[in-house]
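Line order of the protein sequences matches chains A and B. When we follow my numbering, the leftmost residue of the first sequence carries the number 91, and every step to the right adds one. When we follow my numbering, the leftmost residue of the second sequence carries the number 91, and every step to the right adds one. Even for Gly, the Cβ is constructed at its ideal location relative to N, Cα and C. Right, one structure below, let's go through it.
2 protein chains.
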Amino acid sequence: MGRHREFDVEKALDAALCVFWRKGYEGASYADLTKATGVERPALYSAFGNKEALFRKVLVRYYERYVDYLPAALQLPTAREVAAHALQGAIDLTTRYPEHTGCLAIQGVLAGSDEAEPVRQALIEARAEGEAQLRERFERAKAEGDLPETARPDALAAFLLAVLHGMAVQAKAGFSRDVLAAVAEQALSTWPAKA
Amino acid sequence: MGRHREFDVEKALDAALCVFWRKGYEGASYADLTKATGVERPALYSAFGNKEALFRKVLVRYYERYVDYLPAALQLPTAREVAAHALQGAIDLTTRYPEHTGCLAIQGVLAGSDEAEPVRQALIEARAEGEAQLRERFERAKAEGDLPETARPDALAAFLLAVLHGMAVQAKAGFSRDVLAAVAEQALSTWPAKA
DNA sequence: GAGGTTTAATAACGATCATTATGAAAAGGA
DNA sequence: TCCTTTTCATAATGATCGTTATTAAACCTC
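So this is what it looks like as C-alpha cells:
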C-alpha cells in the first residue's frame, strides 16, 4: 500500500553516477544531483539515504557496470594478456565519455576535506581489493610457469595499477586515446617474458 | 610609512602550502588556512589576494622547492638516468611527509566543482610543461644516440609521467616507499637500451 | 468510498563557504 | 604632536552546503 514511486531508481542512480564521475564526491552538490536526476532532494534521501550512502551505491554500480573489464581480464590465460586487457579496458573507460573522463573511483581518493575521509577510505579499500586480485593472478601465473621465477607478483600488480592510475589522471587532463595507447604499449614492453 | 606587517609572508606561504597539499584546493577552507598560518582572513586577502591567487602562489613555490628534482634530472647525461632520478625524486617527495602524502599538483587536477575549473586548467598546463620538457630531453637523447632509433620520445615522456602520477595516487592511498620503489624498478626494467 | 500509508514538493533548517566593510592599533614624516 | 598610511582583528555579508519538517497528493486495503 502507499503511493508509488514516480521516478526510476535505476535511472536516477545512473544520473548520479555521471555527476559523481564528473565532479567527484565533494564537488557534486545536491543541486547538481537533483538537476541531473530530475528528483527532488527529499526523494533522494528517502530512496538512497544521505550523500555518502548514495555515493557508495553509485560506487558499487560503477564497479559492476564500468570496471567489468577487470574480472574479465583476470580470466585470460596468460599474465601478459591480463595486463594488456586491463590496460585496454582502462583506456576505453577513461576516454569513452567526453563529458566525464578519467575514473570515478580515483577522483575521490585524492583531495577532499575531513568529512570526505570515510569515502576516501572506502575507495582505498576498493583499490586494494583490485590490487590483491591482480597479485593473486600473477602468483598463479608464476606457479603455472607463465611468468619467470624471478618475477615479483606484488611488484607487477603494484606497477600495473600505477600505470592504470596514471592513465586515469592523464585522461582527466585531456590526453587522447592514442597517447594513452602508447603509454600502455610502453608499459607492456617491460613485461617479464616467459622463462 | 604605515604599519609594519606582523607575520612572516614566507612562513605563511609554507603553512598554506601544507594545507593545500593535505586537503587539495577545494578541500582547504579559510578556517584551515587561518589556523595553519596564524594569520586572520583579511590579512591573507590583502597579502595574497583571493583563494585562487593564493593557491597559484603556493603552486609556484611547490614547483620551486619540492619538484626541483625534475630540472635536476633533466641535466643528467643519459635518458635512463633522467627517468631513474625523476622516479626516485617522486618517491621521496610523495612519502617524505606523513602528514601530506602524494603530490600537491595532482590532488587538484582531479575532481572539483565548477568554480575550481581555472585552477584545474592551471595544473593541467603545469603538467603539460613538465611533459614537454621530458619529451624534448628524450628527443635530444635520441639525437645523441643515447636512445635507439626506434624509441618514441613522446611515448616515453607520457609513460614516465603516467608512472609518476600513478605513484602519487598510490602514495596518497598509503603505499609504502618500498612498494613504490618496486614500481619504479619495474618501470625502468626495460627502458630502451642504447642501440 | 473511508482510513491508513507511502511518496512528492515546498521551504526552511543551522552550518560553513569565500569575501569584505568597519574601525582600532601601529608606524613614519612633518 | 598631529597626520597620513598601512595593517590589524572583529564581525558581518550573501551564497551555498547537506539535511529535514511540513504539508499536499496518490495509492492500496478494507
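- Here the alpha carbon of residue 93 of chain A sits roughly 14 angstroms from the alpha carbon of residue 136 of chain A.
- Taking 7 angstroms as the threshold, the shortest C-beta distance from residue 266 of chain B to chain A does not fall below it.
- Distance check between residue 243 of chain A and each of A/232, A/123, A/219 places A/232 closest, using alpha-carbon atoms only.
- Shown here is that no member of the segment 171-182 of chain B has a Cβ falling below 9 angstroms from a Cβ of chain A.
- Between residue 252 of chain A and residue 157 of chain B, the C-beta spacing is not below 7 angstroms.
- Using a CB distance below 8 angstroms, the part of the segment 185-201 of chain B facing chain A consists of 192, 196, 197, 198, 199, 200, 201, ordered along the chain.
- Excluding its 5 nearest sequence neighbours in each direction, residue 209 of chain B has C-beta neighbours in its own chain below 7 angstroms: 115, 142, 145, 198, listed in chain order.
- Remark: C-beta atoms of residue 191 of chain A and residue 261 of chain A approach each other more closely than 7 angstroms.
- Residues of chain B whose Cβ lies closer than 7 angstroms to the Cβ of residue 246 of chain A are, in chain order, 276.
- Bounds of any alpha helix (DSSP H) do not take in residue 188 of chain B, whose DSSP letter is neither H nor E.
- Cβ-Cβ distances below 6 angstroms link residue 169 of chain B to 228, 231, 236, 237 in the same chain, with the five nearest sequence neighbours on each side left out; the list follows chain order.
- Here DSSP, grouped into helix, strand and coil, assigns residue 108 of chain B to helix.
- Counting C-beta pairs closer than 8 angstroms gives three or more between the segment 169-183 of chain B and the segment 276-283 of chain B, which meets the contact rule.
- Per the Cβ contact rule, the segment 117-137 of chain B is not in contact with the segment 206-224 of chain B (fewer than 3 Cβ pairs under 8 angstroms).
- Here DSSP, grouped into helix, strand and coil, assigns residue 284 of chain A to coil.
- The residues 189, 190, in chain order, have a CB closer than 7 angstroms to that of residue 112 of chain A in the same chain once the five nearest residues on each side in sequence are set aside.
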